[in-house]
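The block underneath contains the structure these notes are about, expressed in structure tokens.
Numbering (the numbering used here), first residue to last: 47 to 294.
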């Protein structure tokens with residue numbers, strides 16, 4: 047079985063209230079998050095997790111805030127000698143726009159998406175403005191989507207776990223590496239969500255759910271499960287990965 051390496055590539059950023067990441071904690075603090083596309087190296091398939099933003103804002107201030115360089119999709123893949131049409135598989139953590147804006151460029155890829163994400167992107171709740179069907183219509187019309195309904199293996203050494211924390215169809219991606227199982231979370235959090243500061247743990251809370259979530263209590267329990275499963279935790283918007291070329 048292949049042992050994979052994970053390459054986080056910054057393909058966008060957001061600046062917002064930190065409470066969007068940390069439920070009931072640090073509201074009112076300005077915070078910048080990276081938006082990643084993750085290249086999974088190993089085996090005989092070229093695999094991505096998410097595809098990032100189509101036209102990311104590039105600025106020195108944003109790059110300083112996250113501690114890394116912001117790339118376009120083509121630039122980011124080019125770091126590893128790839129182009130969009132080289133990609134064989136894209137695994138989607140969920141279908142909020144900033145995670146799927148470059149899908150249409152991957153003309154030879156199969157896209158693994160949970161069925162609840164497909165349902166929601168075509169019928170979004172008014173509270174969730176982040177679903178934009180335009181970004182997946184091309185791959186949908188081309189028959190490139192493989193619908194996931196629960197936990198499953200994608201290729202040997204890579205599987206997905208249904209984790210409805212941030213969205214109903216969130217998929218956490220579990221990846222075998224030389225240093226154990228890595229988990230790219232299927233929900234939008236930072237490392238602090240999994241390892242809260244003392245003022246949170248002193249209240250006997252082991253994790254912090256994301257600021258936007260499906261069900262707070264269930265989110266808390268699912269996060270504990272993911273934390274226990276992974277030797278390497280890769281929260282979907284953790285800034286420290288912005289300066290890393292390879293994990294582990």
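Positions of the beta carbon are idealized from the N, C-alpha and C atoms, including for glycine.
- Less than 9 Å separates the beta-carbon of residue 84 from that of residue 52.
- Residue 142 sits in a strand when the DSSP states are folded into three classes.
- As summarised for the stretch 54–139, the continuous beta strand (DSSP E) elements at least 3 residues long and confined to that stretch are 76–87, 93–95 and 135–137, given in chain order.
- Separation of residue 174 and residue 204 (C-alpha to C-alpha, rounded to the nearest whole angstrom) is 29 Å.
- Around the Cβ of residue 261, a 10 Å sphere holds fewer than 16 other Cβ atoms; the residue is exposed.
- Going by DSSP, residue 180 is part of no beta strand (DSSP E) at all; its letter is neither H nor E.
- Of all C-beta pairs linking the stretch 269–279 to the stretch 59–70, fewer than three are shorter than 8 Å, placing the two stretches out of contact.
- Contact between the stretch 107–118 and the stretch 155–166 is absent: fewer than 3 CB-CB pairs across the two stretches fall below 8 Å.
- Under DSSP, residue 229 takes part in a beta bridge, and its partners are 220 and 279.
- For residue 293 against residue 228, the beta-carbon gap comes to about 7 Å, under 8 Å, which counts as contact.
- DSSP places residue 207 in the strand class (E or B) of the three-state scheme.
- In this chain, the alpha helix (DSSP H) harbouring residue 168 covers 161–168.
- In this structure, 277 is the residue among 154, 236 and 277 with its C-alpha nearest to the C-alpha of residue 224.
- Taking one beta carbon from each stretch, the stretch 144–152 and the stretch 90–108 have 3 or more pairs nearer than 8 Å; the two touch.
- Taking the Cα positions, residue 281 is about 24 Å away from residue 182.
- The three-state secondary structure of residue 185, taken from DSSP, is helix.
- The shortest CA-to-CA distance from residue 86 to any of 100, 58 and 48 is the one to 48.
- With a beta-carbon spacing of about 4 Å, residue 50 and residue 88 fall inside the 8 Å limit used to define contacts.
- Distance from the Cα of residue 154 is smallest, within the candidate group 132, 194, 137 and 162, for 132.
- The C-alpha of residue 79 is placed about 15 Å away from the C-alpha of residue 231.
- DSSP places residue 238 outside any beta strand (DSSP E); the residue lies instead in the alpha helix (DSSP H), whose first and last residues are 237–240.
- Residue 92 is positioned such that its CB atom lies closer than 9 Å to that of residue 128.
- Bridge partners of residue 156 according to DSSP: 135.
- If you draw a straight line from the Cα of residue 210 to the Cα of residue 218, it is about 9 Å long.
- In this model, residue 64 and residue 158 are separated by some 30 Å (Cα to Cα).
- Annotated as distal: residue 58 and residue 140, with beta-carbon spacing of 9 Å or more.
- When rounded, the separation of the alpha-carbon atoms in residue 81 and residue 258 is 16 Å.
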